[in-house]
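Following: one structure in structure tokens, then a few remarks.
Residue numbers (this note's numbering), protein chains in the order written: chain Y, 1 to 259; chain P, 260 to 535.
Here it is in structure tokens:
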């Protein structure tokens, strides 16, 4: 039946709707660049969502744990073999996402007899300077959104991942106005935390078109911090060590919240 | 349904496979060399070229952690090939591998080992245990034994690591070419110049003013330089300290805070004061 083009399109549309529903509850993840590196932040207590991929690359993900795991393993496998046969400097997020992850996710999505990947991924690669930082989001259908690797776009030094489009867009518009490129780590941490709160708040409502009031965000943030754990990790820009990824324990993160 | 087109396996299972196995699956690491029943490799004969081997490396525990040092000379037969070889390699944040033997094999081994530890941490989301790390090196040596039997690729490493969760915290191991691992309580030395070094360290540990583990950093560096200088006195394959070229041994210290490489000026100062 899906040999007919229309049926195929319909099947794909159904599948898209199904996946979107499955991902809709996913707690947001914010990745923001600051002077000394890149910070990944989310709140939750269910399971780990921020992972180390290679020396300079980290990943955040929402979706089905089994699918996230398969993609994570695949990414680590590729990066590690590349880093081993060539060098760590040859491992690039751009190639990893465009040549390997995206085609695989696309074909899994479009082969309607097989299972698609129920996952949405957020990657970041720390560069020598803030303007070299690369942020990249890979969708379940293989679609890629970057922070602007072309000249036509104004480069953003942040990226977000959330369950719904609405939540994603609100987080992005918040960071666009609130997050400064030269921010310190402490500033970036607070902005990321607020971005998370806005994104999570938007998931609870059906029609969150505008950014909520400041006081609402603060109140929501404090409520959530009391109930759940902070999961954060940084990619350090400091080139003295090869491995830049460092998880920030909840205890250390609590101090930075300012609440 | 056909397989995925990209270079991306469908069956990722980090749980069942270690990094060398991954490399073999992707044809990036040669298969373990085989040996026949008589214990010989595929073609056991004298190599037509002299492999670069022989050196002196040493390591001992002192008050500030574990000190690992190696001379800088690389030789092939009676020819000095290189006088700035780095035989003390960092494999992760708190593990050092020092190598005596054929550099080509040893550096490749260090590279595999380094990636193995990272790969394990990244896929399994936990650090590999000290025993796991020690065993990983042992396995690489074992896989390499076929080449050793053919007269090429002999490597005899020292492995030093610091683990704040184990007791004792500082751990020091040396290996034989077949992969047997021996944990050293105080010190270890391998390579062609090691008999002299072992004599010195044994003497210092038993009848010196202080035992090795009580030495402070400067004293530890002094005895290291003296030992390597003594080894170089009788062993042509050991560089010791080149007084004219100002080439000093590589000395690294692993402690609770990670690994520090002693700067050349510091070694030079100790050398001037206590050795020259």
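Glycine residues also receive a C-beta, built at the ideal position from the N, C-alpha and C atoms.
For residue i, return the contacting residues in chain P, with the cut-off set at a CB-CB distance below 8 Å.
i: residue 80 of chain Y; result: 278, 281, 374, 377, 378 and 381
i: residue 76 of chain Y; result: 273, 378, 381 and 382
i: residue 48 of chain Y; result: 384
i: residue 52 of chain Y; result: 380 and 381
Name, please, each residue of chain Y whose Cβ falls closer than 8 Å to the Cβ of residue i.
i: residue 285 of chain P; result: 81
i: residue 370 of chain P; result: 84
Exposed or buried, what is residue i when buried is set at 16 or more other beta-carbons lying within 10 Å of its beta-carbon?
i: residue 108 of chain Y; result: buried
i: residue 106 of chain Y; result: buried
i: residue 5 of chain Y; result: exposed
i: residue 81 of chain Y; result: buried
i: residue 49 of chain Y; result: buried
i: residue 200 of chain Y; result: buried
i: residue 240 of chain Y; result: exposed
i: residue 377 of chain P; result: buried
i: residue 508 of chain P; result: buried
i: residue 432 of chain P; result: buried
i: residue 359 of chain P; result: buried
i: residue 427 of chain P; result: exposed
i: residue 384 of chain P; result: exposed
i: residue 434 of chain P; result: buried
In whole angstroms, what is the alpha-carbon distance linking residue i and residue j?
i: residue 268 of chain Y; j: residue 504 of chain P; result: The shown model of chain Y, from 1 to 259, leaves out residue 268 of chain Y, and the question about it has no answer.
i: residue 210 of chain Y; j: residue 69 of chain Y; result: 35 Å
i: residue 62 of chain Y; j: residue 129 of chain Y; result: 28 Å
i: residue 277 of chain P; j: residue 91 of chain Y; result: 20 Å
i: residue 454 of chain P; j: residue 230 of chain Y; result: 55 Å
i: residue 36 of chain Y; j: residue 183 of chain Y; result: 9 Å
i: residue 145 of chain Y; j: residue 164 of chain Y; result: 15 Å
i: residue 440 of chain P; j: residue 470 of chain P; result: 24 Å
i: residue 366 of chain P; j: residue 334 of chain P; result: 15 Å
i: residue 64 of chain Y; j: residue 124 of chain Y; result: 21 Å
i: residue 478 of chain P; j: residue 328 of chain P; result: 14 Å
i: residue 465 of chain P; j: residue 410 of chain P; result: 37 Å
i: residue 321 of chain P; j: residue 196 of chain Y; result: 49 Å
i: residue 363 of chain P; j: residue 344 of chain P; result: 12 Å
i: residue 178 of chain Y; j: residue 85 of chain Y; result: 42 Å
i: residue 286 of chain P; j: residue 83 of chain Y; result: 15 Å
i: residue 484 of chain P; j: residue 341 of chain P; result: 20 Å
i: residue 397 of chain P; j: residue 390 of chain P; result: 10 Å
i: residue 44 of chain Y; j: residue 220 of chain Y; result: 14 Å
i: residue 314 of chain P; j: residue 498 of chain P; result: 8 Å
i: residue 95 of chain Y; j: residue 244 of chain Y; result: 19 Å
i: residue 101 of chain Y; j: residue 523 of chain P; result: 46 Å
(message) Check whether the segment 25–34 of chain Y and the segment 158–175 of chain Y are in contact - that is, three or more C-beta pairs closer than 8 Å.
(response) yes
(request) Starting from the N-terminal side, write out each stretch of the beta strand (DSSP E) that is 3 residues or longer and does not extend beyond the segment 380–468 of chain P. (result) 417–421, 429–434, 440–442 and 446–449
(message) Quick check for students: name the residue ranges of the alpha helix (DSSP H) that lie wholly in the segment 52–91 of chain Y, counting only runs of 4 or more.
(response) 65–85
(request) Would you check if there are 3 or more beta carbon pairs closer than 8 Å linking the segment 453–468 of chain P to the segment 483–492 of chain P? (result) yes
(message) Between the segment 87–102 of chain Y and the segment 410–418 of chain P, can you find at least three pairs of beta-carbon atoms closer than 8 Å?
(response) Segment contact: the segment 410–418 of chain P against the segment 87–102 of chain Y, fewer than three CB-CB distances shorter than 8 Å; contact not assigned.
(message) Using 8 Å as the cut-off, can you tell me whether the segment 11–23 of chain Y makes contact with the segment 203–223 of chain Y, which would need three or more C-beta pairs spanning the two stretches below that distance?
(response) no
(request) Enumerate, from N- to C-terminal direction, the unbroken beta strand (DSSP E) stretches of 3 or more residues contained entirely within the segment 168–255 of chain Y. (result) Within the segment 168–255 of chain Y, complete beta strand (DSSP E) segments of at least 3 residues are found at 229–236 and 245–248, given in chain order.
(message) At 3 residues or longer, what runs of the beta strand (DSSP E) sit wholly inside the segment 312–350 of chain P?
(response) 316–321, 324–329, 333–335 and 338–341
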